[in-house]
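Enquirer: Each residue of the sequence shown is one higher than the one before, counting from 1 in the UniProt record's numbering.
Just so it is clear, CB atoms sit at the ideal spot from N, CA and C, and this is done for glycine as well.
Got a structure for you, questions after.
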Amino acid sequence: MRNMFIILKNNFYRAVSRKNYFILMLCISIITITAAVFFTAKLEVKGNIAVVSDTGSLYLSSKLLHVEKVDRVPDRASLVMHKYDAAVIDRGDGEFEIQTIRSDDFKKKLEKIIKNQDLSSFKDENSRGVASNILGYMIMIVFIQGLLYMLMYSEDRENGTFKRIGVSPVPAGVYLAGHGIFNFLMVFLPTYLLIISVKIIFGINIGLSFIQYAGILGLLTFLATGFSLFISSLFKKADSSNMAGQSIAVLTSLLAGCFYSFDNGNEVMKKIISILPQKNLISLVQAIEHGKSFNALVPQLTYMIAFSAVLFVLAAAIVKINFKKGEC
């Protein structure tokens with residue numbers, strides 16, 4: 001315990017010595033997280049729809065949809081990049097065609113709205129609320145923060161400090177745990193305090209209580225810390241680990257639907273997405289928003305904790321193997 005405290009204290013001293021780097025990261029985090037909380041808390045629109053109609057006979061109006069009349073059918077890239085969720089093409093005589101890469105369920109709901117303006121189509125128990133939107137946008141930010149705050153661990157591996165730690169009385173596991181705790185605190189505390197501050201200052205609805213946010217954010221930070229420790233152990237160079245880690249974080253967050261529900265009806269893709277921890281976290285938040293019982297939350301909670309624990313174990317195993325090879 002004493003050795004771990006020494007490592008933590010040493011990391012904080014090192015952070016102070018390069019305060020410009022950490023202040024810059026903190027400022028970027030403040031801006032991005034505040035924007036995520038503030039703007040997504042006000043998000044009510046369920047879709048952006050492009051309407052192509054020469055006659056003007058197709059009428060589509062809804063508070064839940066942002067409707068834009070365009071002269072020509074948007075290309076597929078506009079749908080893939082989520083500029084539009086769907087394109088509605090007026091064929092005349094009450095006939096219309098819907099082009100979308102979103103799920104068949106979304107397409108059917110849109111058809112229902114066009115036919116009878118039934119707004120209840122988009123009000124279902126699987127819809128994303130304020131909290132799931134906020135946390136969805138924050139997931140990738142937290143992952144990238146975790147990678148950036150693991151800088152000192154990566155530097156120790158690059159300059160040979162970690163190799164010297166390996167032959168010192170300090171166990172490698174304690175050293176890794178020290179870096180992990182430092183990373184967790186540096187990510188969790190500023191992020192959580194920002195959420196509280198935005199709520200108090202602007203008085204906006206954040207969807208869940210402060211205690212619920214503490215638990216969910218703690219789970220997310222635990223996962224991000226395990227991921228960053230694993231990636232930093234896998235690559236010896238800090239630049240390589242950051243580049244690989246951020247690429248993986250961005251790709252998996254996009255696939256998991258952190259910014260937008262990614263579902264094109266492909267069963268294989270659905271199964272791949274379902275194993276992503278980010279997807280399970282969003283599902284967990286949605287379940288809490290809809291008042292599901294604790295028993296209904298257990299599968300996602302168990303999966304998230306187990307997935308994070310596996311990342312920590314893999315990081316420790318990689319370090320142990322590298323020690324034996326003399327590559328640390």
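Please look up how many angstroms separate the CB atoms of Ser29 and Gln145, rounded, as I've assumed it's under 8 Å.
Expert: Ser29 to Gln145, Cβ: 6 Å. Contact.
Enquirer: Please say whether Val198 and residue 340 have beta carbons closer to each other than 8 Å?
Expert: Because the chain is modelled from 1 through 328, residue 340 falls outside the range shown and cannot be assessed.
Enquirer: Quick one, which of Ser240, Asn295, Ser274 has its alpha-carbon nearest Met150's?
Expert: Among Ser240, Asn295, Ser274, the Cα nearest to that of Met150 belongs to Ser240.
Enquirer: Between the Cα of His179 and the Cα atoms of Val37, Ile211, Ala224, Gly215, which residue gives the shortest distance?
Expert: It is Ala224.
Enquirer: So which of Asn242, Thr252, Gln212, Ile273 has the shortest CA-CA distance to Val285?
Expert: Val285 has its Cα closest to that of Gln212, out of Asn242, Thr252, Gln212, Ile273.
Enquirer: Run through DSSP, which three-state label would His66 get?
Expert: His66 falls in the strand class under three-state DSSP.
Enquirer: Leaving out five residues before and five after Asn280 in sequence, what residues of the same chain have Cβ atoms less than 7 Å from its Cβ?
Expert: These residues qualify, in order along the chain: Gln300, Tyr303, Met304.
Enquirer: State the beta-bridge partners of Val52 as determined by DSSP.
Expert: DSSP output for Val52 lists Val70, Ile89 as bridge partner(s).
Enquirer: Taking Gln278 as the reference, which of Thr221, Ile288, Lys324, Gly160 has the closest Cα?
Expert: Considering only alpha carbons, the answer is Thr221.
Enquirer: For Ala316, collect the residues of the same chain with a Cβ closer than 7 Å to its Cβ; drop the 5 residues on either side in sequence, then sort them by chain order.
Expert: Around Ala316: Gly173, Leu176.
Enquirer: Ala131 and Gly207: beta carbons closer than 8 Å?
Expert: Yes. Within cutoff.
Enquirer: Could you work out which residue in Leu314, Ile288, Ile204, Phe184 is closest to Val37 when comparing CA atoms only?
Expert: The shortest Cα separation from Val37 among Leu314, Ile288, Ile204, Phe184 belongs to Ile204.
Enquirer: Under three-state DSSP, which class holds Ile98?
Expert: The answer is strand: DSSP assigns Ile98 an E or B state.
Enquirer: Are there 16 or more other CB atoms within 10 angstroms of the CB of Asn183, so buried, or fewer, so exposed?
Expert: It counts as buried.
Enquirer: Give the DSSP-derived three-state secondary structure of Gly245 in the structure shown.
Expert: In the structure shown, Gly245 sits in a helix (DSSP, three-state: H, G or I).
Enquirer: Less than 8 Å between the C-beta atoms of Leu147 and Asn20, yes or no?
Expert: Not closer than 8 Å, so no.
Enquirer: Which residues in the same chain as Val142 place their Cβ atom closer than 7 Å to its Cβ, once the five residues preceding and following it in sequence are excluded?
Expert: Contacts found: Val187, Thr191, Leu220, Thr221, Ala224.
Enquirer: Could you pull out every unbroken alpha helix (DSSP H) segment of at least 4 residues lying fully inside the stretch 265–318, listed in chain order?
Expert: Entirely contained in the stretch 265–318, the alpha helix (DSSP H) runs reaching 4 residues are, in chain order, 267–274, 277–289.
Enquirer: Please identify the residue among Lys292, Met140, Ser233, Ile23 whose C-alpha is closest to the C-alpha of Asn322.
Expert: It is Ser233.
Enquirer: Is Leu110 closer than 8 Å to Ile98 when the C-beta atoms are compared?
Expert: In this structure, Leu110 lies closer than 8 Å to Ile98 by Cβ.
Enquirer: Consult DSSP for Val160 and reduce its assignment to one of helix, strand or coil.
Expert: In the sequence as displayed, the identity of residue 160 is Gly instead of Val. Note: Gly160 maps to coil in three-state DSSP.
Enquirer: At the level of alpha carbons, what is the spacing between Gly215 and Ile282?
Expert: In a straight line, the C-alpha of Gly215 is about 14 Å away from that of Ile282.
Enquirer: Suppose you measure from the CA of His66 to the CA of Ile273; what does that come to, to the nearest Å?
Expert: Cα to Cα, the separation comes out at about 27 Å.
Enquirer: Considering Lys112, what are the terminal residues of the alpha helix (DSSP H) in which it resides?
Expert: Unbroken alpha helix (DSSP H) run through Lys112: 104–116.
Enquirer: Grab the span of the alpha helix (DSSP H) containing Ile139 for me, first residue to last.
Expert: 130–149 is the span of the alpha helix (DSSP H), which, as asked, contains Ile139.
Enquirer: Excluding sequence positions up to five away, which residues of its chain have a Cβ less than 7 Å from the Cβ of Ala244?
Expert: The answer, listed in chain order, is Ile231, Phe235.
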